[in-house]
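One structure is given here, and the rest of the page talks about it.
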Amino acid sequence: MMAQQQGLNIHANNIANVNTVGFKTLRPSFAECLYVQYRETEPQWETGHGQYLMKTDLMWQEGQFTASDQPLDFALPNDGFFMVQDRNGATHLTRDGSFAISFNPELEVWQLVSGTGEFVLDYEGNPIAVPFEVIEDEEGNVTVTTTVDYFALEGQIGVFTVPNNWGLEQTGDNRFVVTARSGEPLPAPEYDKVRMALERSTVDLAEEMVKIIETQRAYQLSSKIIQTSDEFIRIANNLRS
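Heads up: the sequence shown is residues 2 to 242, going by our numbering.
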């Protein structure tokens with residue numbers, strides 16, 4: 002029952018994130034528990050002890066793209082990641098390319114940030130200073146405008162890969178943390194970026210609803226078995242008395 006409850010939580014979390022940009026579906030994997038042999042003379046008389054949640058897999062298939070009217074939205078048509086840095090200097094990987102611009106009063110520059118305010122990093126691992134269009138008149142005077150140079154900005158945004166996506170550890174805010182199993186991230190300047198588009202969640206709502214129903218039924222049946230076992234014990238105790 003505990004394992005089924007954990008599975009139910011995972012499927013419910015998938016459904017809750019059906020509209021989360023760049024979200025990857027989670028798949029619970031179960032394994033059977035230890036089997037006990039009650040009689041050495043009867044090796045075929047074995048009793049199992051249910052199941053447990055062995056691991057949770059991330060399904061890395063690419064989600065569908067949806068067009069956006071936001072010029073700071075980006076999607077990755079590959080297996081790459083954007084890299085972001087929080088205020089404490091910790092870096093994370095993400096597929097969420099819904100970016101924004103924020104002014105840094107300490108450096109007096111405009112910087113590219115994620116939806117949660119983290120710095121978006123370039124291929125060198127540095128925060129990106131937003132470039133603005135420059136106009137030069139006939140006399141050679143240069144004026145920096147307030148219009149963002151989106152073409153130059155797109156080239157600055159870093160895309161990274163890891164040797165083993167399945168080794169990444171998922172954290173909150175749609176982020177992934179590098180582990181020893183995933184390997185260190187490597188810059189991939191050859192990877193394309195699609196501007197004014199976002200990657201949708203890979204959650205299949207119909208499939209997740211079916212999984213919810215299956216898990217609920219398994220939970221109910223498991224509880225019925227426990228009730229039946231308790232009833233047998235009660236009957237046996239009454240017979241003894």
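Using N, Cα and C, we set each Cβ at its ideal position, and we do this for glycine too.
Would the beta-carbon of leucine 54 fall within 7 Å of that of threonine 216?
no
Three-state secondary structure (DSSP) at aspartate 211?
Reading off the sequence shown, one finds valine at residue 211, where the question assumed aspartate. Three-state result, valine 211: helix.
Inter-stretch contact at 8 Å, needing at least 3 Cβ pairs: the stretch 133-151 / the stretch 162-170
no
Which word fits valine 126, buried or exposed, when buried means at least 16 other C-beta atoms lie within 10 angstroms of its C-beta?
Sequence check: residue 126 is glycine here, not valine. Flag for glycine 126 reads exposed.
Rounded to the nearest angstrom, how far is the Cβ of asparagine 4 from that of phenylalanine 31, given a contact under 8 Å?
Rather than asparagine, the amino acid found at residue 4 in this sequence is alanine. The Cβ separation is near 6 Å, so the contact holds.
Alpha carbon to alpha carbon, what distance is there between methionine 210 and serine 99?
28 Å
Using CA coordinates, which residue listed in Asp80, Arg88 and Val131 is at the minimum distance from alanine 189?
Asp80
If we count Cβ pairs, one from each stretch, closer than 8 Å, do we get three or more for the stretch 81-91 versus the stretch 39-59?
no
Anyone know if the C-beta pair for methionine 197 and serine 69 falls short of 7 Å?
yes
Residues bridged to serine 115 (per DSSP):
Paired residue(s): none; serine 115 is not in a bridge.
Does the stretch 88-95 touch the stretch 213-230, meaning 3 or more C-beta pairs lie closer than 8 Å?
no
Within 10 angstroms of the Cβ of leucine 35, are there 16 or more other Cβ atoms? Answer buried if so, exposed if not.
exposed
Integer-rounded CB distance, given that leucine 77 should sit under 8 Å from glutamate 200
7 Å
So, does the stretch 168-182 touch the stretch 126-139, judging by three or more C-beta pairs under 8 Å?
no
Is any heavy atom in the ligand GDP found nearer than 6 Å to the beta carbon of phenylalanine 120?
The ligand GDP is not part of the structure shown, which contains no ligands of any sort.
I need the DSSP call for asparagine 105, collapsed to helix, strand or coil.
strand
Assuming leucine 108 and valine 131 make a contact with CB atoms under 8 Å, what is their CB distance in whole Å?
With a Cβ gap of about 12 Å, leucine 108 and valine 131 do not count as contacting.
Over what stretch of residues does the beta strand (DSSP E) that includes valine 84 continue unbroken?
Note on residue identity: the sequence assigns methionine, not valine, to residue 84. Start and end: 83-86.
Starting from the C-beta of glycine 116, find all residues in its chain whose C-beta is less than 6 Å away, skip the five residues before and the five after it, and write them out in chain order.
Ser99
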